[in-house]
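Residue numbers (our numbering): 7 to 156.
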């Protein structure tokens, strides 16, 4: 675990209707779901509250890049959301590649017997868990934070 910065991190999966939020423990052993925040004018404020509640050291926002590596409308939306979060938070915000996090989240839910319809309320949280766990794993294996700082 050399080079791993100890502290709670939040993972954020930005969607057009909902924002999934996950957190990890200070040692980065486990990422867990926290909440699905409805996408509204109050979304950023709610995530700021969550960050304060868990005393987060940083927030990792998933950047949905296409499989070919191109940016899409969703990429722009997530980047704009991250910029708004960065302006409202007192801790750093990092953008991390989240290719396939929602696909992975849906696969996990299906393996556990949940339909896509019944999982709609939690799939964003699970996607946030997936992207956060990937970011933790990157930092632990390389000694460098995942993604790029805003």
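From the three backbone atoms N, C-alpha and C, an ideal C-beta is built for every residue, glycine too. Here the structure is a predicted model, which is why all the values come from computation and not from measurement.
Just the Cα atoms here: how many angstroms apart are residue i and residue j?
| i | j | result |
| --- | --- | --- |
| residue 42 | residue 62 | 17 Å |
| residue 51 | residue 93 | 11 Å |
| residue 146 | residue 37 | 14 Å |
| residue 45 | residue 15 | 21 Å |
| residue 18 | residue 154 | 14 Å |
| residue 64 | residue 117 | 31 Å |
| residue 128 | residue 28 | 11 Å |
| residue 100 | residue 66 | 5 Å |
| residue 89 | residue 82 | 11 Å |
| residue 137 | residue 96 | 22 Å |
| residue 23 | residue 149 | 35 Å |
| residue 53 | residue 91 | 8 Å |
| residue 40 | residue 135 | 9 Å |
| residue 80 | residue 142 | 23 Å |
| residue 104 | residue 84 | 11 Å |
| residue 87 | residue 9 | 29 Å |
| residue 48 | residue 140 | 28 Å |
Mapping the DSSP letters down to three states, classify residue i as helix, strand or coil.
| i | result |
| --- | --- |
| residue 66 | strand |
| residue 41 | strand |
| residue 28 | strand |
| residue 154 | strand |
| residue 18 | strand |
| residue 99 | strand |
| residue 77 | coil |
| residue 46 | coil |
| residue 23 | coil |
| residue 58 | helix |
Report the CB separation of residue i from residue j in whole angstroms; it is logged as a contact under 8 Å.
| i | j | result |
| --- | --- | --- |
| residue 131 | residue 34 | The pair is not a contact, with the Cβ atoms about 18 Å apart (cut-off 8 Å). |
| residue 133 | residue 144 | Not confirmed; about 17 Å, so no contact. |
| residue 102 | residue 68 | 6 Å |
| residue 12 | residue 32 | 5 Å |
Buried or exposed: which applies to residue i, given that a residue is buried once 16 or more other Cβ atoms fall within 10 Å of its Cβ?
| i | result |
| --- | --- |
| residue 72 | exposed |
| residue 21 | buried |
| residue 70 | buried |
| residue 7 | Confidence at residue 7 is low in this model, with a pLDDT of 47, below 50, so its placement is unreliable and the value that follows should be read with caution. It counts as exposed. |
Does the CB of residue i have a neighbour CB from chain D at under 7 Å?
| i | result |
| --- | --- |
| residue 16 | The chain inventory of the structure shown lacks chain D, comprising one protein chain alone. |
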